[in-house]
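For reference, the structure is listed below as C-alpha cells.
Number of protein chains: 2
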Amino acid sequence: MDNFTFHNTTKIIFGKGSENRVGKEVSKYSKKILLHYGGGTIKKTGLYDRVVSSLKKSGVDYIELGGVNPNPKLSLVRDGIKICKENDINFILAVGGGSVIDSSKAISIGALYNGDVWDFYLGKARIKDSLPIGTILTIPAAGSESSTGSVITNEDGAYKRAVNSELIYPKFSILNPELAFTLPKYQVASGSADILAHLMERYFTNSQHVELMDRIIESTMKTVINNVSTVLSQADNYDSWAEIMWSGTVAHNNLLNTGRVGDWGSHDIEHELSGIYDVAHGAGLAVIFPAWMKYVYKHDINRFVQFAVRVWNVENSFNVPEKTAIEGIKKVEDFFKLIGLPTNLKELGITDDRLEEMASKATNSDSSTVGNFVKLGKEDVYSILKLAQEK
Amino acid sequence: MDNFTFHNTTKIIFGKGSENRVGKEVSKYSKKILLHYGGGTIKKTGLYDRVVSSLKKSGVDYIELGGVNPNPKLSLVRDGIKICKENDINFILAVGGGSVIDSSKAISIGALYNGDVWDFYLGKARIKDSLPIGTILTIPAAGSESSTGSVITNEDGAYKRAVNSELIYPKFSILNPELAFTLPKYQVASGSADILAHLMERYFTNSQHVELMDRIIESTMKTVINNVSTVLSQADNYDSWAEIMWSGTVAHNNLLNTGRVGDWGSHDIEHELSGIYDVAHGAGLAVIFPAWMKYVYKHDINRFVQFAVRVWNVENSFNVPEKTAIEGIKKVEDFFKLIGLPTNLKELGITDDRLEEMASKATNSDSSTVGNFVKLGKEDVYSILKLAQEK
C-alpha cells in the first residue's frame, strides 16, 4: 500500500426530497449566489421551482446562468466568471450532472483569479483559492459532486483538459435518487459506464498489497452492474437508483484510490474523442476501455483474472489464466452492449479517420505518455484507437 | 436505503514515517497543546521522542498528560480538562489507541463547558463546542481516530457511557502501520475483534436495499479476517498491518452505516462487561457477539445466510438455510478462538455471577432496550449473557 493522505470534505445529503434543504445549506455560506444549470430540463421536471423556492425561503438571492452542455465549454465558464466578478457573488450552486458541476468548479476558481481561467487547465497556474460551491446532482455518472476534478473543453481547438485540487471539493452535495427517474435511457447507460470506468481506472494499478481497496472497488462495480438493468427497465425504481447514485459518488470521491496509483489512460484517450466529436463521455469510455484492456492485459494477467472472477463471476481456468482474463474483458464488452452502448467507434457515429490526430493530442505530439498501469506513447494510443475502430 | 447525511471531516495521513508530519499539522491549529497518551509504551518505542521533536521543530509548546488506561476513566478526563482550562490550551494531541483518543475527545468537550463533563455522557447536556484534536494512532481497533464517538468509564459505579457528535471528529489522524509492530498478540487479537464487531454491528440491519454498503462491509470484514493471522505470526509485516489499520478506520468512519440503521446491542452489552470487569473491549465483544448471534439469528435468516456465504465462504445449503446461518456463526466463534481470544465469560476470567446486574444496567433497570436489529429488553440481555457464560 502506498503512503497517502485522504481528506474529502464534501457533506453528502442523500435521500428523498433532499433538494428542499438546499436553501438552508446555501445560506450558511452566502446570501447571493450564482445558480448554474444545463439545458433547462430542471425547469420541465419542476426541480428548478423547488430549488428557487427553497432559496427564497432562506433569503438567498441568485443570478442564473443556464446553458451548460455535455462536455462543458470554456466560453460559458468565462461568462460565469464575469457574472461573479461583476456582482460580488461568492457562492455557486450547481444543479445538474457532471458537466454543470465541472463548469461551476471552473467558474469558482476563475472568479478569484486575475488571469484567464484556462491557465489552470494548461498547468500554467496553480489553484490557490476558489469560491465555495454546492451541488444538487441530477445524473449519477461523473462523480464530480464529491471529487477534486473538473474537466472543461476549449472550443478553440477542441481541447478537453482537467484540473485537480482539494480546493474544489463541493461544500455539500445533495443526492436525491428520484431526480434520476426522468433521464433518457442512453444517458443512464452512459452514466453507468462512466461510473464503472472510474472504478476500473482505479482498479488497474501496479501498486501492491491493496486488498481492502481492491475489494471495495469490486463491491462498487458489482453493485452498479447489478442495478443498471433494473433502472433501464423500471425508470422509477428508487432502490436501484439509490444504489447507483451512491455508487457513483463513492466511486470517485478519492477513498477508492487510497494507497494506490490508478491508470487513467482510457480517460485521457476518451477526452480527445469527446473533445473532437462531442460524444457522451460514458459512451466514449465504453468504446475505449475494452480496447485498452485488450491492448494491456498481458502486463498483469493475474489482476485481470481477479477482475474476471470476482467482478464478473467468470469461472477461473486455473491452468490457462489468460483464458479467464480474456473472458473478463469480453464480459465488460457484453455488458456495455447489453445496456445499449456502442462498443466501437463506428457505432459511436465516428466514421472518419482522425485517429492519428487524437493519438497525437493525447500525448502532446508524442512528447508525453498517458496511463500508469502501462505507460502509453502515441503509437500505443493509436493502436488502441485502431482496436476500438475495428472491433 | 434510508435517507442520510455523511460528512466525515477527518484528514487521514497514512503511511511509513507519517508521525513526523505531526508538528506541521498541529501548528495549523495551535502553538500550545495538551499531549495526551497512555501507559508510557510510546516512550519505550521511541515514538514519544519523534513526536516531541516534530512538535518542537514546528514551534509547538505542549503540556503532557499520560496515564490513560484501557476503558479510559472519567477522573483522568477531569484532570485533563483542568489542565486545559488553567493553561489556555486549545488543541489536544492524542498519541495512542482508542482509549487515549476517546479520553482526548472527552477532554475536548469538557474544556469548553462550564458544568461537569459527565453530563454529556448521561445525556444531560448537548455538545455544542469542542477543542480541535489530532491523533497519532498506535492500535488499529476502536476506529476513534475518524469517528464521532467517545466512550468513558465512570469509576464511581463502573458505568461505561458513550457520546456521539460530529463536533468531535479529529481534525487529522496520522496512521503509520509500523507503530503497530510492537503490540502484544492479545491486543492485536482484541483490536481485530473490535474492528470486526464495528463491521458486524453495521451489517445486521433491518434497513432494506443496502447492497452497496452490504458489499463494502463484507469487503472490509474479509480483509481483516485475511490479514490477522499474518500479523500474529509476523509482527512486522507492514503490508498486512496496513490492510488492518486502514480497515479499522474505514470500519468506523460512518461511511459504512450510510443508508442503514446498525444494531449496536452487542456493544451496549459489552460496555457493562468491561465497565465492571475492566476486560479488553475487543475480547469482551468476542464473547458477546457469537452469543448475540445465536439469540437473534432467526429474526432474519437470509441476512445470516448472506453473511455466512459471502464473508466466511460457507457453502450455502439452499434447502436448509438455517444450517448455513448457524455455520456462519460457528465460523465467527472459530475465528476468535483461532486468533487466541476467549469465547465465553469463563475464558474471559469472569467466574462470579453478576449477569442480572449487567442486564439491568444495560437496559437502565429494564426501562429501555438495547439493539435495533432486534430490540432487547433486560430478560433478553440476561439470556445472551447466559449463552455467553455457558458456551
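From first to last, the protein sequence lines are chains A and B. Residue numbering for the first sequence follows our numbering, beginning at 59 and increasing consecutively. Residue numbering for the second sequence follows our numbering, beginning at 59 and increasing consecutively. Note that the Cβ used here is the ideal one computed from N, Cα and C, for glycine as well.
Which residues in chain A sit within 8 Å of B:Glu269, going by Cβ to Cβ distance?
Thr281, Asn284, Asn285, Glu301
Go through its chain and collect everything with a Cβ distance to B:Glu77's Cβ below 8 Å, but skip five positions before and after it.
Leu105, Arg108, Val109, Ser112, Ile194, Ile232, Asn234, Leu237
Which runs of the alpha helix (DSSP H) fall wholly inside the stretch 376 to 414 of chain B and span at least 4 residues, in chain order?
379 to 396
Is there at least one Cβ from chain B nearer than 8 Å to A:Trp350's Cβ?
no
Of the choices B:Asn148, B:Gly429, B:Asn61, B:Gly154, whose alpha-carbon is the least far from that of B:Gly323?
B:Gly429
In chain order, what residues of the same chain lie with their CB nearer than 7 Å to the CB of B:Gly317, ignoring the 5 residues before and after it?
Met59, Asp60, Phe62, Ser265, Val268, Met271
Whole beta strand (DSSP E) runs in the stretch 228 to 272 of chain B with 3 or more residues, listed along the chain?
230 to 233
Check for me: the alpha helix (DSSP H) holding A:Lys115 runs from which residue to which?
105 to 115
Do you know offhand how far B:Asp297's Cα is from A:Gly156's?
36 Å
DSSP three-state assignment for A:Arg219, whether helix, strand or coil
strand
7 Å Cβ shell around A:Ile167 - same chain, five flanking residues per side excluded:
Val175, Phe178, Ile185, Ser188, Ile226
Counting beta carbon pairs with one atom in the stretch 437 to 449 of chain A and one in the stretch 346 to 357 of chain A, are three or more of them shorter than 8 Å?
yes
For chain A, find out if any of its Cβ atoms is closer than 8 Å to the Cβ of B:Lys182; answer yes or no.
no
Can you round the beta-carbon distance between B:Phe149 and B:Tyr87 to whole angstroms, since I take them to be within the 8 Å contact cut?
5 Å
Return the CA-CA distance between A:Pro228 and A:Leu170, expressed in angstroms with no decimal places.
16 Å
Run through the stretch 59 to 138 of chain B for me and flag every whole alpha helix (DSSP H) of 4 or more residues, listed as ranges in chain order.
80 to 84, 99 to 102, 105 to 115
Would you tell me roughly how many angstroms separate the C-alpha atoms of A:Asp438 and A:Val345, rounded to the nearest one?
16 Å
Report yes if the C-beta distance between B:Gly320 and B:Arg260 is below 8 Å; otherwise report no.
yes
Residues of the stretch 350 to 378 of chain A with a CB closer than 9 Å to any CB of chain B: list them in chain order, please.
none
Select from B:Thr401, B:Lys404, B:Leu313, B:Val80 the residue whose C-alpha is nearest the C-alpha of B:His65.
B:Leu313
Three-state class that DSSP yields for B:Leu170 in the structure shown:
coil
The alpha helix (DSSP H) with B:Asn371 in it runs from where to where?
First-last for B:Asn371: undefined, no H or E at that position.
For A:Asn212, the three-state DSSP class (helix, strand or coil):
strand
Cα separation between B:Gly386 and B:Val369?
8 Å
Suppose you measure from the CA of B:Pro242 to the CA of B:Val286; what does that come to, to the nearest Å?
13 Å
CA-CA distance, B:Asn284 and A:Arg136?
52 Å
DSSP three-state assignment for B:Leu314, whether helix, strand or coil:
helix
In angstroms, rounded to a whole number, what distance separates the CA positions of A:Ser161 and A:Val153?
11 Å
Which of the three DSSP states, helix, strand or coil, is assigned to B:Ile21?
Here chain B comprises residues numbered 59 to 449, so residue 21 of chain B is not present and cannot be evaluated.
Would you mind telling me which residues of chain B sit closer than 9 Å to A:Asn297, beta carbon to beta carbon, in chain order?
Note that residue 297 of chain A is Asp in the sequence shown here, rather than Asn. The contacting residues are Met59, Gln266, His267, Glu269.
7 Å Cβ shell around A:Ser441 - same chain, five flanking residues per side excluded
Tyr353
Is there a Cβ of chain D sitting closer than 8 Å to that of B:Ser425, yes or no?
Protein chains in the displayed structure are A and B, and chain D is not among them.
What does A:Ile191 pair with, by DSSP beta-bridge criteria?
A:Ile150
Do we get a CB-CB distance below 8 Å when we pair B:Phe72 with the residues of chain A?
yes
Minimum Cβ-Cβ distance from A:Arg273 to chain B less than 8 Å
yes
Does any residue of chain B have a CB that is nearer than 8 Å to the CB of A:His256?
no
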